[in-house]
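For the record, the sequence lines run as chains H and W. Quick note on numbering that gives the first Met the number 0: the first sequence kicks off at 0 and runs consecutively. Quick note on numbering that gives the first Met the number 0: the second sequence kicks off at 0 and runs consecutively. Everything below concerns the one structure shown next.
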Amino acid sequence: MKGITRLSTGLATASLLLGSLTIGLSATAASAATTFKACVVIDTGGINDHSFNQSAYEGMKAAQMAAGGSSKMKTSYLTSQSSADYTSNINTFISQKCGIIVTVGFNMGTATATAAIANPKQKFAIVDDILTDKNYAPLNLKNVIELTYNTNEDAFLGGYYAAATSKTGVIATYGGMQFSTVSIYMDGFVAGARAYNKASGKHVKVLGWKPSADTKGMSSTAARVAAGFPGTGSFVGNFTDQNAGQTLTNTFFSQGADVVFPVAGGVGIGSLTAAAKATGKMIMWVDVNGCAAEAKFCKYIDASVTKGVKVSVKGAILAAFHKTFNATTPYVGTLKNKGAEFILNKKVSASLKAALNKAAAGIKAGTVSVNPMDYPASTN
Amino acid sequence: MSENKTSLWQRYLSANPVTMSFLAIFLGFVVGAAVIIFSSSDVLHAWTQIFNSPGAILHAIKVTLDNVGAAYRAMFTGSVFDPTILWHALTTGQDWTAALTPISETLTYAAPLVIISIGVAISFETGLFNIGANGQAILGGIAGTAFGSMIHLPMFIHLPLTLACGVAAGAFYGFIPGVLKALTGAHEVIVTLMLNYVVAFFLLYSLLSTPLQLPGQVNDLSRVILPSAQLPNFFATATTLRVSWGILIAIGVVAFGWWFLNRSTLGFDFRITGANPNAARASGINPKKIIMYVFLISGGLAGLAGVVQVDGTTHSLDGGFLIGSAGIGFTAITVSLLGRNKPINVFWGAILFSALGVGGRIMQAETGIPLDLATIIQSAVVLFVATPVMVQEIFRLREGTLHTVELNTKGWSS
């Protein structure tokens with residue numbers, strides 16, 4: 000008889016589960032009201048990646064706060080476990096009737112474009128990508144706002160600052176992979192260093208990135224943007240291998256560099272490790288505020304060249320929420336709108352501070368160029 | 000009355016494999032419910048209030064049932080069907096796309112998982128651990144993409160050859176550890192595991208160098224497979240129904256696996272070798288030959304899974320193809336364990352795992368409970384399947400009339 004009692008316990012639990020299923024059914028069916036829902040498709044890095052995905056998630060939460068909390072705006076996110084999930088996640092959110100769907104990163108470009116064309120009434124925002132067709136012509140979709148960032152503007156200030164504070168007269172940068180979203184940083188960094196050389200008459204050398212003219216020999220700002228910031232330089236080959244970052248950074252140190260600017264996400268932690276083991280070496284952090292993201296290494300991070308993913312995602316969501324969504328003018332993060340910010344983590348001399356402020360004002364006004372080809376490169 | 004002549008009801012109560020599997024799945028969901036309860040602040044808050052007013056305990060129970068119910072309801076409606084939408088489609092004949100989307104998504108994810116799991120199950124049944132199925136699948140995907148995107152042929156020949164390329168690449172990549180094991184005794188676990196890393200870097204290399212990389216692209220994206228080589232969608236008209244003919248290939252592979260292990264001479268040799276290598280050798284089976292055949296077949300099926308994934312679903316490769324937590328070669332190991340290496344059970348196991356993954360996504364979107372809950376349920380189910388004695392004790396089942404408690408694999412050496 001014992002078997003029967005145990006089994007009936009099991010059956011009771013089963014009916015409890017079944018009962019909850021039906022109650023849940025009626026409960027959720029009733030609560031399906033029309034509150035605005037902001038949805039974010041996160042890439043494989045997850046929401047704690049100390050980079051883009053985390054910033055996008057924080058942007059979503061910040062938009063919710065600004066809208067008046069969870070009663071005014073619901074939020075939802077889905078983490079992709081592989082690239083096969085992008086389409087599936089976007090379709091899930093379309094069926095959830097999200098007010099806006101934010102996709103993070105160029106990897107989701109194709110999936111976002113396909114979904115946006117198939118669902119012209121669904122609003123989208125994509126971080127760090129311009130949607131193009133098969134022949135790389137921009138699609139200019141009316142329902143997708145593209146969030147891009149002129150990070151060469153704040154990287155310019157980074158390069159200027161690094162050149163001014165270098166004691167050895169050698170600074171360095173390297174990238175994860177040669178994407179235009181990476182080389183734009185390195186381009187601005189070199190431009191800043193060259194601008195410092197021009198202003199001070201010194202000859203600070205930059206290792207790791209050598210900008211070059213495009214295939215037609217053009218080197219104007221527009222040509223560089225169109226060609227994805229061409230040049231040759233040091234690239235680790237991925238965004239995860241910290242050992243490779245440490246080795247490369249040590250190489251730069253042995254070549255005399257005392258400030259290194261890694262543009263390689265998590266690989267930069269390898270640079271921090273290298274700086275912690277050396278003396279008198281500093282690292283400039285990328286994408287987010289390094290002293291917040293990698294707090295234990297803060298004393299080796301003298302400045303951060305950031306990308307305003309959080310503020311732009313927040314802005315795009317709130318635009319959709321307030322019905323001011325307008326995709327005809329894409330969002331471009333700049334020094335001016337704080338979509339590209341240079342953050343100093345160290346006290347600097349008043350004269351350097353003044354020079355940086357003057358350069359920043361010039362960039363905002365458009366009188367200071369962030370194109371390295373506009374400066375003499377004799378010392379590089 | 001003899002022991003075997005028991006009533007049907009008592010047969011259900013005994014520890015036969017079918018009952019045990021269902022109870023293991025059921026217990027998995029109970030564990031999942033417990034996790035929802037203990038991780039939901041609403042539920043916990045309701046339970047802290049139960050002494051404040053007489054009706055509070057009822058309220059707490061209701062909140063608990065609401066939360067657990069909403070999660071499991073979302074999982075079910077997201078992966079099988081939504082009763083209200085299906086009813087609407089049945090009565091009005093409209094919106095069939097929406098009604099079929101959940102099951103279509105489940106089958107989309109299931110197709111490659113079924114194929115690769117059958118391959119892994121065949122190697123387990125022979126007592127060999129193929130941990131490299133993921134790498135074999137990736138190489139199959141690369142080969143299939145290369146052939147499907149760069150060669151121009153009419154469809155009736157292009158599609159089969161694309162799939163054949165995937166099978167050949169997977170079989171080749173499986174053959175390496177097979178040969179090493181057979182000729183030098185190198186342990187297959189180490190070799191297959193390490194070869195996974197080799198192929199991961201080969202994938203990045205091929206995506207960033209000239210022939211395979213999408214022309215004009217600096218990112219790690221491959222060329223797109225030509226329409227003549229793509230596995231067509233099952234429902235050609237509706238674009239959101241992603242399920243392709245790959246699911247029929249998967250069913251074919253299940254039939255092949257069943258026939259191979261139960262009806263073919265070579266399959267019989269495989270099983271004998273798995274059951275007792277010494278006896279197999281004594282009865283004239285050449286173990287070296289068997290080892291090489293196992294890895295050829297297991298690798299070939301893994302390669303087929305890889306090419307079905309890219310050919311039926313994504314149509315192009317990127318740097319994240321089958322890597323990381325989505326590495327189906329590793330999920331396949333648990334699926335084969337769940338199905339006790341029997342092809343038909345493995346099929347249902349793969350469907351269950353895919354449904355949990357797909358439903359978990361809808362659950363996260365609707366209720367905010369993280370997708371990881373699906374992984375917890377999957378893990379718990381496997382745990383209960385692997386410990387039949389525990390399940391038997393929990394439900395106080397009679398000893399099975401069949402001898403149920405059998406080893407799934409032989410361990411790390413044979």
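Positions of the beta carbon are idealized from the N, C-alpha and C atoms, including for glycine. Since we're looking at a predicted model, the values are computed, not measured.
Bridge partners of Q212/W according to DSSP: S221/W. Judged by pairs of C-beta atoms under 8 angstroms, the stretch 234-242 of chain H does not touch the stretch 151-170 of chain H, as fewer than three such pairs exist. Rounded to whole angstroms, the Cβ separation of M185/H and G236/H is 15 angstroms, and the two are not in contact under 8 angstroms.
Taking the C-beta atoms as reference points, A301/W is found nearer than 8 angstroms to G328/W.
For N356/H, the nearest beta carbon of chain W is not closer than 8 angstroms to its own beta carbon. Listed along chain H, the residues sitting closer than 9 angstroms to F320/W by beta-carbon distance are S81, S82, A83. In this structure, G118/W is the residue among G118/W, E365/W, A364/W with its C-alpha nearest to the C-alpha of L295/W. With 16 or more other Cβ atoms inside 10 Å of its own Cβ, A354/H counts as buried. For Y159/H, the uninterrupted alpha helix (DSSP H) segment begins and ends at 150-164. Judged by their CB atoms, I41/H and S87/H are not nearer to each other than the 8 angstroms cut-off. Around the beta carbon of T313/W, 16 or more other beta carbons lie within 10 angstroms, which makes this residue buried.
Along the stretch 126-152 of chain H, the positions whose C-beta sits under 9 angstroms from a C-beta of chain W are K133, N134, Y135, read in chain order. For I24/W, the enclosing alpha helix (DSSP H) has its first and last residue at 16-38. For the C-beta of I361/W, the chain H residues within less than 9 angstroms are, from N- to C-terminus, T91, S94, Q95. The shortest CA-to-CA distance from A225/H to any of I129/H, Q95/H, D84/H is the one to I129/H. Sequence-distant Cβ neighbours of F267/W in its own chain, meaning closer than 7 angstroms and more than five residues away, do not exist here. Taken through DSSP and simplified to helix, strand or coil, K209/H comes out as strand. By the neighbour-count definition (other C-beta atoms within 10 Å, threshold 16), G134/W is a buried residue. By the C-beta criterion, the stretch 210-230 of chain W is judged not to be in contact with the stretch 88-95 of chain W, since fewer than 3 inter-stretch pairs fall below 8 angstroms. Within a 10 Å sphere around the beta-carbon of M74/W sit 16 or more other beta-carbons, which makes this residue buried.
Around N106/H, the same chain offers D42, S82, Y85 as residues with beta carbons nearer than 8 angstroms, after the five sequence neighbours per side are excluded. Runs of the alpha helix (DSSP H) lying entirely within the stretch 255-302 of chain H, each at least 4 residues long, are 267-276, 289-292 in chain order. A residue is called buried when at least 16 other Cβ atoms come within 10 angstroms of its Cβ; M389/W does not meet this threshold and is exposed. Linking P153/W to K122/H through their CA atoms gives a straight-line distance of about 39 angstroms. Membership of Y330/H in the beta strand (DSSP E) is indicated by the continuous run 330-332.
Under the three-pair Cβ rule at 8 angstroms, the stretch 62-73 of chain H counts as touching the stretch 304-319 of chain H. By DSSP's assignment, G230/H forms a beta bridge with P210/H. Residue contact with chain W for N88/H: present (Cβ-Cβ distance below 8 angstroms to some residue of chain W).
In the DSSP assignment, E145/H forms a beta bridge with I125/H. For M176/H, there is no enclosing alpha helix (DSSP H), as DSSP marks it with neither H nor E. Between the stretch 24-42 of chain W and the stretch 57-76 of chain W there are three or more inter-stretch CB-CB distances shorter than 8 angstroms, so the stretches are counted as touching.
Inside the stretch 345-379 of chain H, DSSP marks whole alpha helix (DSSP H) runs of 4 or more residues at positions 349-364, from first to last along the chain. For G215/W, the residues of chain H that pass the 9 angstroms Cβ criterion are N134, Y135, in the order they occur in the chain. Taking CB atoms only, T239/W has a neighbour in chain H less than 8 angstroms away. Between the stretch 325-344 of chain W and the stretch 106-125 of chain W, the count of C-beta pairs closer than 8 angstroms reaches three or more; the two stretches touch. Distance check between N134/H and each of A199/W, W258/W, P214/W, A145/W places P214/W closest, using alpha-carbon atoms only.
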